[in-house]
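Chains as they are written, first to last, in my numbering: chain A, 1 to 195; chain B, 1 to 208.
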Amino acid sequence: MSNKLKLITDGLVKNNPTFVLILGMCPTLATTTSAVNGLSMGLATLFVLVLSNIVISAIARFIPDKVHIPAYIVVIATFVTLVQFLMQAYTPAMYETLGLFIPLIVVNCIILGRAEAFASKNGVWDSALDGIGVGLGFTCSLTVLGAVREILGSGSIFGWNFLGGDGMLAFVMAPGAFLCLGYLMVLFNKFLKKD
Amino acid sequence: MAAQSNLKNMTLALGAVCLVCSALLGVAYAVTKAPIEKAAQAKTEASLSQVLPAFDAIEESTVAVEGEDVHYYKALSEGKVVGYAVEAGTIGFGGPLTLMVGVTPDGVVYNTSVLSHSETPGLGAKCATDTKFMQQWQGFNPGEKILSVKKDGGDVDAITASTITSRAYTRAVALAVAAAEAAAAGEAADAVSGASLPQTEEGGQDNE
């Protein structure tokens, strides 16, 4: 049983996609302008990751090796498009801020990476747990990164402005994204990843 | 473990995956089509009521400005034209910038609202949230003030560090004013007495 739990905690710490595996940097850097954006991008990715892991682990046996990447990409793209439709229909405000980046989930290395490295070789149940773990790791990282950038860059947190003015604009833009990501990576590896 | 990579297997596997996926997407599209349209319509209606004085009927139409067809809505109250809401699009810093601009029949801007933009968050994206920037458009009279940013010798206060966005916004408003004039001129025959405007100052519901 602890083995199953380990699948989830591994995704959060040891295999943390953002701070340890350093995968999926494009959405990480682009969407974390605020904590809410990071959180919703993380959740959308989590959703796609879990579903694609489940489906891919179920069909991997039937897919010939030579065409497994196109087949996985089709599966992933389908789930991403589903997320896009659902967001557009039921959370239009969120779709407006994230809409541009949702299609990018298809090419997020984390998802194809987990499909290749884990889901294609393991059972459905384990793959789902792995998806949840890595997805949660990605969500937490993006939320933390978004929160730090929002605090420094806009002087607010989750949209609540505590400064009564603007922060340091650079942190909302690309250079700040790289700076924050770098420092968070250092802190993460120093304190959390004890190997 | 995996099936053999011969032509038959590969074709079958990919074909099956694609078939199932497209069927799934087709269903999802059909299910979400109505809600998506409803969301888009609700957004248009919300922006219409934000940029126009109180109205009880709306007419959609297009007018040609500078060789391009511009989509606009004519707002009527008790049969009289109270304003035009023009969907004006330009190119901002990060991509297309589309505004809904309300113009009263005498050519004064009533209010503006951003329909879609892809400006830099924290900088140009403030064109949709910065109250100081947005409020200056309420009652902006292009007949008395110059429709360009202060840096270019006009009367529009640009957003700090976002001159390009502010210029694009200003250009869109200018386009909308021109479109409203063209629309009004097109029906000048039956809109001679367009002078009685309700001067309602409504509080902005500009933050979402």
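Glycine included, every Cβ here is placed at the ideal spot set by N, Cα and C.
On a predicted model such as this, the values are computed, not experimentally measured, just so you know.
Check                                                                                                                                                                                    : Outcome
Within 10 angstroms of its Cβ, does residue 57 (chain B) collect 16 or more other Cβ (buried), or is it exposed?                                                                         : exposed
In terms of DSSP beta bridges, what is residue 148 (chain B) paired with?                                                                                                                : Answer by DSSP bridge pairing: none, since residue 148 (chain B) is not bridged.
Around the C-beta of residue 127 (chain B), are 16 or more other C-beta atoms found within 10 angstroms, so that it is buried, or is it exposed?                                         : buried
Among the candidates A:19, A:3, A:10 and A:14, whose CA atom is the shortest distance from the CA of residue 141 (chain A)?                                                              : A:19
In terms of residue numbering, what span does the beta strand (DSSP E) encompassing residue 128 (chain B) cover?                                                                         : That residue, residue 128 (chain B), is in no beta strand (DSSP E); it is neither H nor E in DSSP.
Can you tell me whether residue 59 (chain A) is buried or exposed? The criterion is at least 16 other CB atoms within 10 Å of its CB, across all chains shown.                           : buried
Looking at the unbroken beta strand (DSSP E) that takes in residue 61 (chain B), where does it start and where does it end?                                                              : 57-65
Could you work out which residues of chain B lie near residue 262 (chain A), taking near to mean beta carbons separated by less than 8 Å?                                                : There is no way to answer for residue 262 (chain A), as the model of chain A reaches only from 1 to 195.
For residue 96 (chain A) and residue 6 (chain B), what's the separation of their Cα atoms in angstroms?                                                                                  : 45 Å
Spell out whether any CB of chain B is found under 7 Å from the CB atom of residue 17 (chain A).                                                                                         : no
With 9 Å as the C-beta to C-beta threshold (strictly closer), list the residues of the segment 38-60 of chain B near chain A in chain order.                                             : 38, 39, 40, 42 and 43
At a CB-CB cut-off below 9 Å, which residues of chain A make contact with residue 100 (chain B)?                                                                                         : Those do not exist, as residue 100 (chain B) stays about 14 Å from chain A at its closest Cβ, beyond 9 Å.
Excluding the five sequence neighbours on either side, which residues of its own chain have a C-beta within less than 6 Å of the C-beta of residue 167 (chain A), listed in chain order? : 152, 153, 154 and 155
Would you report the Cα separation of residue 74 (chain B) and residue 185 (chain B), rounded to the nearest angstrom?                                                                   : 13 Å
Based on the DSSP output, what are the partners of residue 75 (chain B) in its beta bridges?                                                                                             : B:58 and B:83
Taking buried to mean at least 16 other C-beta atoms within 10 Å of its own C-beta, is residue 199 (chain B) buried or exposed?                                                          : A caution first: residue 199 (chain B) carries a pLDDT of 39, below 50, which makes its placement in the model unreliable, though a value can still be read off. That one is exposed.
Given that residue 21 (chain B) touches chain A, what residues does it touch there, using C-beta distances under 8 Å?                                                                    : 74, 75, 77 and 78
Against chain B, with Cβ distances strictly below 7 Å, would residue 82 (chain A) count as a contact?                                                                                    : yes
List the residues of chain B that residue 175 (chain A) touches, going by C-beta distances under 8 Å, in chain order.                                                                    : Near residue 175 (chain A) there are no residues of chain B at all, since even the closest Cβ is about 12 Å away, more than 8 Å.
Is residue 23 (chain A) closer than 7 Å to residue 137 (chain A) when the C-beta atoms are compared?                                                                                     : no
Is it right to say residue 106 (chain B) is buried, meaning 16 or more other beta carbons lie within 10 angstroms of its own, or is it exposed?                                          : exposed
If residue 82 (chain B) sits next to residue 53 (chain B), beta carbons under 8 Å apart, how far is it from one beta carbon to the other, in whole angstroms?                            : 5 Å
Residues bridged to residue 88 (chain B) by DSSP?                                                                                                                                        : B:99
Using 8 Å as the threshold, is the segment 92-104 of chain B in touch with the segment 174-182 of chain B, meaning 3 or more CB pairs across them?                                       : yes
Which same chain residues, not among the five before or five after residue 189 (chain A), have their C-beta less than 8 Å away from its C-beta?                                          : 19 and 20
Excluding five sequence neighbours on each side, which residues of the same chain lie with their C-beta closer than 7 Å to the C-beta of residue 172 (chain A)?                          : 33, 149, 153 and 154
Going by alpha carbons, who is nearest to residue 114 (chain B) out of B:79, B:152 and B:43?                                                                                             : B:43
Rounded to whole angstroms, what's the CA-CA distance from residue 19 (chain B) to residue 91 (chain A)? Just pull it up for me.                                                         : 28 Å
With a Cβ-Cβ cutoff of 7 Å, do residue 119 (chain B) and residue 89 (chain B) count as a contact?                                                                                        : no
In the DSSP assignment, what residue or residues form a beta bridge with residue 112 (chain B)?                                                                                          : B:101
Just checking: is the beta-carbon of residue 17 (chain B) within a distance shorter than 7 Å of some beta-carbon in chain A?                                                             : yes
Quick one, are the C-beta atoms of residue 78 (chain A) and residue 97 (chain B) less than 7 Å apart?                                                                                    : no
Is it buried or exposed, residue 192 (chain A), if we count other Cβ atoms within 10 angstroms and call 16 or more buried?                                                               : exposed
With a threshold of 16 other CB atoms inside 10 Å of the CB of residue 87 (chain B), please say whether the residue is buried or exposed.                                                : buried
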